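This report concerns only the one structure given below.
Numbering (the working numbering), first residue to last: 41 to 255.
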């Protein structure tokens, strides 16, 4: 006896539902609950700092749910992300400038981009500071830009200025959207959390793919 069409559930649907219930939903709910805690800024700052130099997960993963929970504080969250990300970028720059032969090369090769360093330097020679700003606004792993910038010896102050523009622009775009449309966005995300997490994962993967091809 077959179940009615509207009651048929595939194994894939069951798997997605389990992932949503066991992994995604608790993590999302924790970020929402943590948004008004004193340690929220420290968590956000730590992820933003680490992502610019060695950590693979972008701070948007933490920024988005926290700003959704507290739309009026989205500007503050974006400011924290920007400051911490630029500071982490300076660490990445220092790794490239002072420790490239050991730590820098290991990180670059860990992400499979060892053969992209010269291509990035050529892009910088052609486009100048715009290459740092452009890549800082995209899903391309920013740590690759920071480490390579230090290794190539780009002007540190120009690098910091470009980082502020790029990272600030990226995070404040998120803040503007959530401050203005936060309730509608939160409703949509909570309704289809698994789908939006999957889209976010695809964007991150595309960032690495673009880095492989264009850097």
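Think of the CB as a built atom: it goes at the ideal place given N, C-alpha and C, for glycine as much as any other residue.
Predicted, not measured: the structure shown is a model, and the values here were computed from it.
Nonlocal neighbours in the same chain, by C-beta distance under 6 angstroms from residue i, ignoring five residues either side
i           : result
residue 50  : Here residue 50 scores only 46 on pLDDT, less than 50, and its place in the model should not be relied on; the value that follows carries that caveat. None.
residue 210 : 177
residue 204 : 126
residue 157 : 188
residue 192 : 161
CB of residue i within 8 angstroms of CB of residue j, strictly
i           : j           : result
residue 196 : residue 133 : yes
residue 114 : residue 219 : yes
residue 118 : residue 215 : yes
residue 105 : residue 151 : no
Buried/exposed call for residue i, threshold 16 Cβ in 10 Å
i           : result
residue 96  : exposed
residue 107 : buried
residue 78  : exposed
residue 100 : buried
Nearest-angstrom beta carbon gap, residue j and residue i [assumed within contact, 8 angstroms]
i           : j           : result
residue 135 : residue 184 : Not confirmed; about 11 angstroms, so no contact.
residue 121 : residue 84  : 6 angstroms
residue 188 : residue 160 : 5 angstroms
residue 194 : residue 164 : 7 angstroms
residue 87  : residue 102 : 5 angstroms
residue 200 : residue 143 : Between residue 143 and residue 200 the Cβ distance is about 21 angstroms, and since that is not below 8 angstroms, they are no contact.
residue 202 : residue 169 : 5 angstroms
Sequence-distant residues of the same chain with beta carbon closer than 8 angstroms to residue i, five excluded per side
i           : result
residue 138 : 190
residue 167 : 174
residue 82  : none
7 angstroms CB neighbourhood of residue i in its chain, flanking five on each side removed
i           : result
residue 206 : 172, 173, 176 and 177
residue 208 : 122
Mind the definition here: the stretch 124-134 touches the stretch 89-96 only if three or more C-beta pairs lie below 8 angstroms; say whether that holds. Pairwise C-beta distances place the stretch 124-134 in contact with the stretch 89-96, as three or more of them are shorter than 8 angstroms.
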